[in-house]
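One structure is given below, encoded as structure tokens.
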Amino acid sequence: MSNQITGAQSLVKSLEAAGVVDMFGLPGGAILPAYDPIYDSKIRHILVRHEQGAGHAATGYAQVTGRAGVCIATSGPGATNLVTPLADAAMDSVPVVAITGQVPGPAIGTDAFQEADIRGITMPFTKHNFLVTNPNDIPNAVAQAFHIATTGRPGPVLVDIAKDALQAMTEFNWPKEIKLAGYRIPGEPNAQSIADAAQLISESKKPVFYVGGGVIKANASAELRELAEKVGAPVVTTLMALGAFPDSHRQHLGMPGMHGSVSAVTALQKADLLITLGARFDDRVTGKLSSFAPNARVIHVDIDPAELGKNRSVDVPINGDLKAVIKALIPAIKQKPDLAAWWSALDKLKATYPVGYDKPADGSLAPQYVIERIGQISGSDSIYVAGVGQHQMWASQFINYEKPRTWLNSGGAGTMGYAVPAAMGAKVAAPDTTVWAIDGDGCFQMTNQELVTCALNNIPIKVAIINNESLGMVRQWQTLFYKGRYSNTDLNSKMVPDFVMLSEAMGCVGLRCEDPSDVDATIEKAMEINDQPVVVDFRVNRDSMVWPMVAAGTSNDDIMVARETAPDWDSQEL
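What follows is the structure, given as structure tokens:
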């Protein structure tokens, strides 16, 4: 009896063997052979309306589960539509496996119909990628793709398969083990480095835990809390790390960076030691790098050795898995530092410069209030997915995150249009959890077609459009730095389109709110609807701004708490 199957069948069996439960895709000519065995597979395939939606959905799925998200597309434009999500996943270290069809092997390089060198295009921002032209290589390529995507520093991997390899006959042989020459995953942390780090912590007077998204990727939140409470030092969590340490915790100072809290930004600036865990000294956190934390020694822990010393010189670099490193650090710290004076100064700073907002003088709806109330009514067990812009920053500031994997956003790439498809992926991953997409009217108009996908596939996400009829963050910069010359940032979104009618046309419930007194009732109505996607058009004040703010390229010392005002550092005992 022959064990021969097609390469396409081998691909689907490989995905099943890799543990894939859900995937997002859109068929086309080159990948079409794979869609025939998908028809019989137990894997849930969700047909998206645009390949970009498939990529962001895979990212959202991965961010919630910690497992690799899977997207699938055809050759040429289908594959190139995955470029943005793959770049996005690379920047935020998200495990994604993308399967793309390619023109038949003999046609590669001939400019055949719908041919694109997707391997070459994506090489700079995939962790690895494959071009498979032999059907016998399919299982090994898929197995390696999932291994690479999910181990070490997570990231996207692309598997491009020629159409004739999908059509040819082969035998299915799933590899029993994976050995990749040159691919190394860090082992146990270096004992001397752990001892050196513990000594620096014990000797410090002004330490700060600078926590990045790597803590969430390593599932090390519990260990972080134990270490932080043992040391007693303040904790700041970056945009990608919100929820890694509870917002409500006494030691939490908030988010650092361009729109971080004054206390978080200042703690880093005045620190004598940065205990850096899974963060990469991103420019949005450091501001002008040469002026960042000028008096601080640095302990830097990261799974990726390339990050150690990349942007900032490091006193104690530790390459390793964060969970293992933190576990080793906890018993190594024999003496807790005396931080009474440090906390006295920071508490005064927190009281002087709390994160807040002013209500619009004209009585219109404050966007911060809308987001704050969504967070309070929906609660800390919900998942919140943000687009990119002002609404993203307000969602990071005015919703409390108490646990990891409840805050999803496009941090490194800053991809507009991320929220709706990523929320779709998050809801597929956590069907019993409330998922809110906090989106802007600009972002929403880039990828809202995936609401059709949600409506047809029983994926009842909730979308809050923070409609200020503008590209709000760009408008804020034009207000501050371009003398109010609003060049091409007016979207007129309170006129066209009608978001309620548009949402209803896509099979969703559409709601509208523009009166502050109606906010709670509107949110509660949205919360009651769980059998359809819900979209709420919150018509907010267009001139509200995100504060605090460190202007791009300036020092964190120049943080503005309102327009053209900065804290009086001389009066702060830091």
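First residue of the sequence shown? That's 1046 in this note's numbering, and the numbers climb one at a time after it. Glycine residues also receive a C-beta, built at the ideal position from the N, C-alpha and C atoms. Bear in mind the structure is a predicted one, so any value in this text is a computation, not a measurement.
Residue burial is scored here from C-beta neighbours: PHE1217 has at least 16 other C-beta atoms within 10 angstroms and is therefore classed as buried. Taking 3 residues as the minimum length, the beta strand (DSSP E) runs contained wholly in the region 1069-1127 are 1089-1092 and 1114-1118, in order along the chain.
In the structure shown, the three-state DSSP call for SER1249 is coil.
Bounds of any beta strand (DSSP E) do not take in PRO1466; it lies within the alpha helix (DSSP H) bounded by 1464-1474. Look at the beta carbons and you see the region 1344-1351 not touching the region 1264-1282: under three pairs across the two are nearer than 8 Å.
A distance below 9 Å separates the beta carbons of ALA1468 and VAL1430.
Residue environment for ASN1503: exposed (fewer than 16 other C-beta atoms within 10 angstroms of its C-beta). As far as DSSP is concerned, ILE1261 takes part in no beta bridge. Apart from sequence neighbours up to five positions away, the residues of its chain that approach PRO1199 with a beta-carbon distance below 7 Å are SER1138, VAL1139, PRO1140 and LYS1262, ordered along the chain.
With respect to the 9 Å criterion, SER1266 and LYS1448 are classified as neighbours on the basis of their beta carbons. For TRP1439, the uninterrupted alpha helix (DSSP H) segment begins and ends at 1435-1443.
Within the model, the alpha-carbon separation for GLN1435 versus ALA1289 is close to 22 Å. The beta-carbon separation of LEU1391 and ALA1312, rounded to 6 Å, stays under the 8 Å limit for a contact.
Counting only residues of its own chain and dropping the five nearest sequence neighbours on each side, ASP1067 has a CB closer than 6 Å to the CB of ARG1089 and VAL1473. The three-state reading of DSSP puts ILE1422 in helix, counting H, G and I together. With contacts defined by Cβ atoms closer than 9 Å, GLY1259 and ALA1338 do not form a contacting pair. Taking one beta carbon from each stretch, the region 1124-1135 and the region 1458-1465 have 3 or more pairs nearer than 8 Å; the two touch. LEU1496 and GLY1123 have their C-alpha atoms some 20 Å from each other. Contact annotation: MET1594 and LEU1516 have beta-carbon atoms that are not nearer than 9 Å. ASN1445 and GLY1420 have their C-alpha atoms spaced approximately 7 Å apart. With respect to the 9 Å criterion, ALA1309 and ILE1416 are not classified as neighbours on the basis of their beta carbons. By the criterion of at least three beta-carbon pairs nearer than 8 Å, the region 1585-1600 is in contact with the region 1294-1309. Within the same chain, and ignoring the five residues on either side of LEU1176 in sequence, the residues whose Cβ sits closer than 6 Å to its Cβ are ARG1164 and ASP1205.
DSSP places GLU1160 outside both helix and strand once states are collapsed to three, so it counts as coil.
Of the residues assessed, TYR1527 falls on the exposed side of the cut-off, its CB having fewer than 16 other CB atoms within 10 angstroms. Exposed is the label assigned to ALA1351, since fewer than 16 other Cβ atoms lie within 10 Å of its Cβ.
Looking at LEU1374, ALA1075, LEU1556 and LYS1208, the one whose alpha-carbon comes closest to that of ASN1179 is LYS1208. Just so you know, the alpha carbons of PRO1376 and HIS1192 end up roughly 32 Å apart. Under the DSSP assignment, ARG1584 falls in the beta strand (DSSP E) whose first and last residues are 1579-1584.
In the three-state reduction of the DSSP assignment, GLU1268 falls in the helix class, which pools H, G and I. VAL1585 is positioned such that its CB atom lies no closer than 9 Å to that of CYS1553. Exposure of LEU1225 is indicated by the presence of fewer than 16 other C-beta atoms within 10 angstroms of its C-beta.
Assignment of TRP1522 by DSSP, reduced to helix, strand and coil, places it in the helix class.
Partner residues in the beta bridge of TYR1429, as assigned by DSSP, are TRP1452 and TRP1481.
In the three-state reduction of the DSSP assignment, LEU1374 falls in the helix class, which pools H, G and I. The alpha-carbon separation between ALA1596 and SER1086 amounts to approximately 52 Å.
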